[in-house]
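Note that our numbering has the sequence shown beginning at 3, numbered continuously upward. What follows is a set of notes on a single structure, which appears directly below.
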Amino acid sequence: MIRIVTDEPRFFSDLGDVLRLFYGDVTVSLEAGDVVFEHHFAEAGGLWTDTWASQGKQVALSRPVSDDAPLVVKRLRKRQVKQALYELLKALTGMRPPWGSLTGIRPTRLLYEAMEAGMGLKEAVAYVIETFDVSPDRAGLLGEIAQMQEGLRLAPAGCFDLYIGIPFCKTRCSYCSFSSGEIGDGRLVAPYVDALLREIELCRAMMEQAGLRLRAGYVGGGTPTAIPRDDLERILAAAQAAFPGAVEWTVEAGRPDTIDEGKLRMLKDRGVTRISVNPQTFSDDTLARIGRAHTGQQTVEAYRLARAMGFDDVNMDIIAALPGEGVADFARTLDVVQDLAPDSVTVHSLAIKRSSRLHEQLAVAGNGYGQVSRDGAAEMIAMARRRLTGGGWKPYYLYRQKYMAGNLENVGYAKPGKACLYNIGNMEETVSVLALGAGAITKWLFDTRESSAYDDFKSRHDHSALRIERAPNVRNIAEYIARVDEMAQRKRDVILRKSFENV
Ligand code: SF4
3 MIRIVTDEPR FFSDLGDVLR LFYGDVTVSL EAGDVVFEHH FAEAGGLWTD
53 TWASQGKQVA LSRPVSDDAP LVVKRLRKRQ VKQALYELLK ALTGMRPPWG
103 SLTGIRPTRL LYEAMEAGMG LKEAVAYVIE TFDVSPDRAG LLGEIAQMQE
153 GLRLAPAGCF DLYIGIPFCK TRCSYCSFSS GEIGDGRLVA PYVDALLREI
203 ELCRAMMEQA GLRLRAGYVG GGTPTAIPRD DLERILAAAQ AAFPGAVEWT
253 VEAGRPDTID EGKLRMLKDR GVTRISVNPQ TFSDDTLARI GRAHTGQQTV
303 EAYRLARAMG FDDVNMDIIA ALPGEGVADF ARTLDVVQDL APDSVTVHSL
353 AIKRSSRLHE QLAVAGNGYG QVSRDGAAEM IAMARRRLTG GGWKPYYLYR
403 QKYMAGNLEN VGYAKPGKAC LYNIGNMEET VSVLALGAGA ITKWLFDTRE
453 SSAYDDFKSR HDHSALRIER APNVRNIAEY IARVDEMAQR KRDVILRKSF
503 ENV
């Protein structure tokens, strides 16, 4: 346990995240701990100075005092306090995390902020390296992503994206962090579908009133294809009738054992443009170990069936650092993926959340489900990047989560013309997302300036002028079914209260 003594306790949770970059999943407290990190802040001579000390070492950082707006001042203060602690931790451990001092922010966001402030791409990449100690390799990755997103990142005015959550799976993966009330085994499917149809209908009226049209739809989960075909069809049909005109419809057909010809035919007939068939790994031993009741061969067969039926945009998700897997196992999974040649590949680094069964197993059973070392995880991620980019896939979106193996990242790679608009808009927060179903979180973008300032398309997407409001649905399936009208009302309160400000 680590104790923080700080003059800035308002940043406690962010400081804990910086400590975890170096020490993994440690408990951090303001009251007690075996090791103490002490912070002092001083404002003198026109400078802010933050000094951190621990275990006989001390680091101080200074910068000129800012007289910007209070929100900007808070952001600058937070960055400096975190950066000073980060420098001390580097001195104490000799480690340099790949993403430097970044925690709790999308790395691409910083790159775009720098570009919105007038920097060119190269200059912005250099700024991210210098300011946040991001490794040149990772900053370069951000630059490649920005190039892939050119022309795709900003949605036309008056559009929104749609997310529909289907929270059912046949069995639970050991790393799943949903509770059983949040991921159902199928018994609540019928009332859930009815509730979802009601939410779609209530939101249809809302979008009509706001004068907005759908750009991209995404059905995720759970595993949408785990529910009966007719139920999934009712949901898709209702959503497409309520929100017509989308240029892209993705359905996650996650587990191969939930896919059959009838379901794929229905998705094709309903105009679904993109599906995801997710191996995670092609090792049957690992699949059994992580609680997925299918084999690698089933994934290959489901994928081939989708191709034979004319799906020309198929994604595959794989995971690095799965329990019990070494670099050679991961390389074998990559061999099969490259051989099958899906249109896009999403490479995840396993995040073991505290609420997952795997976290419990690791804590209780020692290292019986051991993960590869930090270096091993980094090697897997580097190998995936090298081999995929060498094979014609390019990185097009990226995000990080807490508790990720080796402090790494999740990256979506796509062949030219196959980048998913929904993924880009959602990750970069450049389009409002109407989210339906249990646990889905609606994110609505507002321009904080006068609506008369909307004349310049690019300025509408200047992040410094955007405010994002969220309307979350309850996560528990039974609660969602019982309270669906209230969920729609939550969205109405956010979206229509200031709909004239929508971007
Ligand atoms: S497929 Fe996803 S949602 Fe379903 S059990 Fe596995 S991790 Fe959880």
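Think of the CB as a built atom: it goes at the ideal place given N, C-alpha and C, for glycine as much as any other residue. Quick caveat: nothing in here was measured; it's all calculated off a predicted structure.
Query                                                                                                                      : Result
Burial state of Met3 (16 or more Cβ within 10 Å)                                                                           : exposed
Bridge partner(s) assigned by DSSP for Thr51                                                                               : Ala44 and Ser64
Cβ-heavy atom distance, Gly224 to the ligand SF4, below 6 Å                                                                : yes
Beta-carbon contacts of Thr8 that lie in its chain and below 6 Å, excluding the five residues immediately before and after : His41
Length of the line joining the Cα atoms of Phe24 and Lys445                                                                : 32 Å
Unbroken beta strand (DSSP E) run spanning Asp319, endpoints                                                               : Val316 to Ala322
Rounded separation between Leu21 and Ala244 - CA only                                                                      : 47 Å
Where Lys445 falls: helix, strand or coil (DSSP)                                                                           : strand
Proximal residues to Val30 (C-beta, below 7 Å), its chain only, five neighbours per side dropped                           : Ile4, Ile6, Gly18 and Leu21
Residue range of the beta strand (DSSP E) that includes Ala1                                                               : Outside the displayed span of the chain (3 to 505) sits residue 1, for which this structure offers no information.
Contact the segment 420 to 433 vs the segment 476 to 486: 3+ CB pairs below 8 Å                                            : no
Three-state secondary structure assigned by DSSP to Ile6                                                                   : strand
Residues that DSSP places opposite Gln282 in a beta bridge                                                                 : Ile320
Which of helix, strand or coil DSSP assigns to Thr348                                                                      : strand
Local Cβ density within 10 Å of Val83, reported as buried at 16 or more and exposed below that                             : buried
Buried or exposed by the 16-neighbour rule on C-beta atoms within 10 Å, applied to Pro418                                  : exposed
Exposure of Leu49, with buried meaning 16 or more beta-carbon neighbours within 10 Å                                       : exposed
For Pro72, three-class secondary structure by DSSP                                                                         : helix
Inter-residue spacing [alpha-carbon to alpha-carbon] between Ala255 and Ala308                                             : 10 Å
Residues bridged to Ala218 [DSSP beta-bridge criterion]                                                                    : Glu250
Run of the beta strand (DSSP E) containing Lys396, from where it starts to where it stops                                  : Lys396 to Tyr401
Bridge partners - Gly167, DSSP secondary structure assignment                                                              : Gly222
Residue from Arg77, Leu164 and Ile107 with nearest C-alpha to Glu250                                                       : Leu164
Nearest-angstrom Cα separation, counted from Leu234 out to Thr275                                                          : 16 Å
Distance, Ala442 Cα to Thr260 Cα                                                                                           : 22 Å
Closer than 6 Å: Arg174 CB and nearest the ligand SF4 heavy atom                                                           : yes
Span of the alpha helix (DSSP H), counted from its first residue to its last, around Gly298                                : Gly298 to Ala310
Identity of the residues DSSP links to Asn409 by a beta bridge                                                             : Paired residues: none, contrary to the question.
Spatial neighbours of Ile202 in its chain, beta-carbon cut-off 7 Å, leaving aside the 5 residues before and after          : Ala240, Ala241, Ala244 and Leu438
Cutoff 7 Å: Asp135 Cβ touching any chain C Cβ                                                                              : The question asks about chain C, but that chain is absent: this structure has only one protein chain.
Pair within 7 Å by beta-carbon distance, Ala126 and Ala116                                                                 : yes
Which of helix, strand or coil DSSP assigns to Phe459                                                                      : The predicted position of Phe459 is uncertain, since its pLDDT is 38 and thus under 50; a value taken from the coordinates is nonetheless stated next. Note: Phe459 maps to coil in three-state DSSP.
Contact set for Ala34: own chain, Cβ-Cβ below 8 Å, skip 5 residues either direction                                        : Met3 and Arg5
Residues near Tyr88 in its chain [Cβ-Cβ closer than 8 Å; skip 5 each side]                                                 : Val20, Leu23, Gly102, Ser103 and Asp135
Cα-Cα separation, Gln300 to Tyr114                                                                                         : 41 Å
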